[in-house]
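Residue numbers for the sequence shown follow UniProt numbering, so the first one is 1 and each next one is one higher. No residue lacks a Cβ here, since even glycine has one placed at the ideal position from N, Cα and C. One structure below.
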Amino acid sequence: MLQLQTAISDWSKTVKAIQKKDKVFKRMVVVNDDPLALKVETMTDGYGRYRRHSNRALLKKVVDVERVVEDLQQSQTQIKKELTGLEEQLALNVGERTTQLQNEIEPRLKNLETLVETLNSSLLEITTNLGGQEKWHTSMMELLESVENIETKVDTTTPDLKREISKLEFSLAQITSTAALLKEDQNNQKITVKALGQTLLAMQNKVVKNQNEISSLKGQMNITKTNLCQPNCQQSTSTDKNLTSSSKTSDDNDVWSSIQPQYSNAINKVPKDCDSVSGASGLYLISPDGNAPIMVYCEIQTKPTKIAYTVIQRRINGDKDFNKNWEEYAKGFGDLNGEFWLGNEAIHRLTRDNNTMARIDFKDISGKPWFAEYSEFSVASRADGFRLHVAGYNGNASDALEYQNRMQFSTVDSDRDISNTNCAANYEGGWWFSHCQHTNLNGKYNLGLTWFDRSRNEWIAVAFTEIKLKRKL
Ligand SMILES: [Ca+2]
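The following block contains the structure:
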């Protein structure tokens, strides 16, 4: 189209130029007012040569225009073809897009249908629940009525209840008062028994002292007799010796006989073990063998059944020094309510008849509880070095004590272990050491008490321990 406009413009300029030169030609130009239909009708003036030139120019323009028109027609045809192709393409694209949209929309429609069904179900359920709530509401109203009735009854019975409560409070006060008196009596009895034990010990010491004095006097009498009879009394010496011996035994027996009933009576009042004491856990005097009483800590468990242990060792926080010598370990040391070792002599007396089991409770440094029980536990006499015997292990910590079973007791000043070193000195505490130990509960607290768990091949670092005994029969 731009090409056509350019041609027309050029053509108009040419026509105007010719019009200025020739009026006749001007007349010819205006035919039909259509530049493309222009033609030369008449040439009447004297400018023949110029007109011929103009005619040729016009004809040339006509030819150009016709060519342009032809090009335009071809372009139009081409455009129509392209238009047809575009229409076909458009129809194809529209079809594909429609199919695609159908594919996308159908699942959504299904989802919507499902959602509608779900909503319908929920609606039905809500409707049903509303019906249930109505029933619940009715029940609540009935319940409220019942509560009101109960409140009414309570209001009427409250004065009676208050009177009963007052009576109960009065009874409770009486019981509390009686319990306090009983507790005081019990404490007094404990003090009395303790004092009795001390008196008995003093009496025993006095008897021994008297016996020594009598022996001394007898010796002096013999010397005097010998001096007086010299030299004629030789024949009667053997008879005198017999008399002396007989007399001494007779005097001792007289002294002992005089206190024997009193002593036996006092000892018989002392429980033989913790199983025989009545009361809660605490300190008690016991006499396991009818001899001088021992002050011990009894651990009384009542649930599920009563179990009474005699505690012989306790470690809690390292408060007490356990690096003691042979005699200190023999006699015992520490605080029975805190950390202590009861004493090897006392432990021997508690276990000498091989009728004792032992339980060792301990906790590691993370607080986890462990235990080891031995159905047999005994400690031999001083003469046998307080030798250990254990058997019948049960527990969750492996039988670590077996490694030191049948060993004598060792202390820093009495090395009885089978190691080349002094185990008690190394670990700063007396114990039944061998090479040296798989467990040591009397060592220096800060260095770590130990128990070897063979099942896991690990050492347990112990922070708390209690060794306690119980008679089996
Ligand atoms: Ca040694």
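* To do: Pick out the complete alpha helix (DSSP H) segments inside the segment 296-380, 4 residues or longer, and give them in chain order.
  => 326-331 and 344-351
* Asked: Roughly how far, in whole angstroms, is the beta-carbon of F340 from the beta-carbon of G332, given that I think they are within contact range, below 8 Å?
  -> Counting from 1 along the sequence shown, the entry for residue 340 is found at position 340. Counting from 1 along the sequence shown, the entry for residue 332 is found at position 332. F340 to G332, Cβ: 7 Å. Contact.
* ligand 1 heavy atom lying under 8 Å from the CB of S419 -> Working through the sequence shown from its first residue, we reach residue 419 at position 419. Result yes, Cβ under 8 Å from ligand 1.
* Straight-line Cα distance separating S216 from E373 -> As a first step, residue 373 is located in the sequence shown; it is residue number 373 there, counting from the start. As a first step, residue 216 is located in the sequence shown; it is residue number 216 there, counting from the start. About 51 Å.
* Asked: By how many angstroms is the C-alpha of L168 removed from the C-alpha of A463?
  -> As a first step, residue 463 is located in the sequence shown; it is residue number 463 there, counting from the start. As a first step, residue 168 is located in the sequence shown; it is residue number 168 there, counting from the start. One C-alpha to the other measures close to 47 Å.
* Asked: Quick one: is L401 buried, meaning 16 or more other Cβ sit within 10 Å of its Cβ, or exposed?
  -> In the sequence shown, the residue the question calls residue 401 occupies position 401. Its Cβ being crowded by 16 or more others within 10 Å, L401 is buried.
* Asked: Looking at C-alpha atoms only, which residue of K60, W432 and R456 is the closest neighbour of V379?
  -> One-based indexing of the sequence shown puts residue 379 at position 379. The shortest Cα separation from V379 among K60, W432 and R456 belongs to W432.
* To do: To the nearest angstrom, report how far apart L72 and K13 are at their CA atoms.
  => In the sequence shown, residue 72 corresponds to position 72, counting from 1. In the sequence shown, residue 13 corresponds to position 13, counting from 1. Looking at the two C-alpha atoms, the distance is approximately 22 Å.
* Can the beta-carbon of A397 be found closer than 9 Å to that of E376? -> Position 397 of the sequence shown, counted from the start, is the residue given in the question as residue 397. Position 376 of the sequence shown, counted from the start, is the residue given in the question as residue 376. Contact: no.
* Under 9 Å between the Cβ atoms of F362 and W451? -> Position 362 of the sequence shown, counted from the first residue, corresponds to residue 362. Position 451 of the sequence shown, counted from the first residue, corresponds to residue 451. Their beta carbons are under 9 Å apart, which means F362 touches W451 by this criterion.
* **When Y329, K269, Q186 and V63 are compared against T411, the one with the closest alpha-carbon** => Here the question's residue 411 lines up with position 411 in the sequence shown. Taking only the C-alpha atoms, the option nearest T411 is Y329.
* **E70 versus L109: straight-line alpha-carbon distance, rounded** => In the sequence shown, residue 70 corresponds to position 70, counting from 1. In the sequence shown, residue 109 corresponds to position 109, counting from 1. Approximately 57 Å between the Cα atoms of the pair.
* Bounding residues of the alpha helix (DSSP H) (the contiguous stretch that carries Y427) -> The sequence position of residue 427 within the sequence shown is 427, counting from 1. Taken as a continuous stretch (DSSP letters only), the alpha helix (DSSP H) holding Y427 covers C423 to Y427.
* Residues bridged to D453 [DSSP beta-bridge criterion] -> Locating residue 453 in the sequence shown gives position 453, where the first residue counts as 1. E458, per the DSSP bridge assignment.
* Asked: In three-state DSSP terms, what is G219?
  -> Here residue 219 is taken as the residue at index 219 of the sequence shown, counted from 1. Three-state DSSP puts G219 in a helix.
* Give the DSSP-derived three-state secondary structure of S414 in the structure shown. => Mapped onto the sequence shown, residue 414 falls at position 414. Strand.
* To do: Figure out for me which residue from N129, E327, L90 and L336 has the closest Cα to the Cα of C298.
  => Translated into positions along the sequence shown, residue 298 becomes position 298. For C298, the nearest C-alpha among the options comes from L336.
* To do: Taking E345 as the reference, give the member of I360, P293, S281 and D319 with the closest Cα.
  => Your numbering for residue 345 matches position 345 in the sequence shown. Taking only the C-alpha atoms, the option nearest E345 is P293.
* To do: Mark I165 as exposed unless 16 or more other C-beta atoms lie within 10 angstroms of its C-beta, in which case mark it buried.
  => Sequence index remark: in the sequence shown, residue 165 carries index 165 (1-based). Result: exposed.
* Would you mind working out which of D413, G334, Q404 and P288 sits nearest S434, comparing C-alpha positions? => Within the sequence shown, residue 434 is the residue found at index 434, counting from 1. Looking at the Cα atoms, Q404 is the closest of the given residues.
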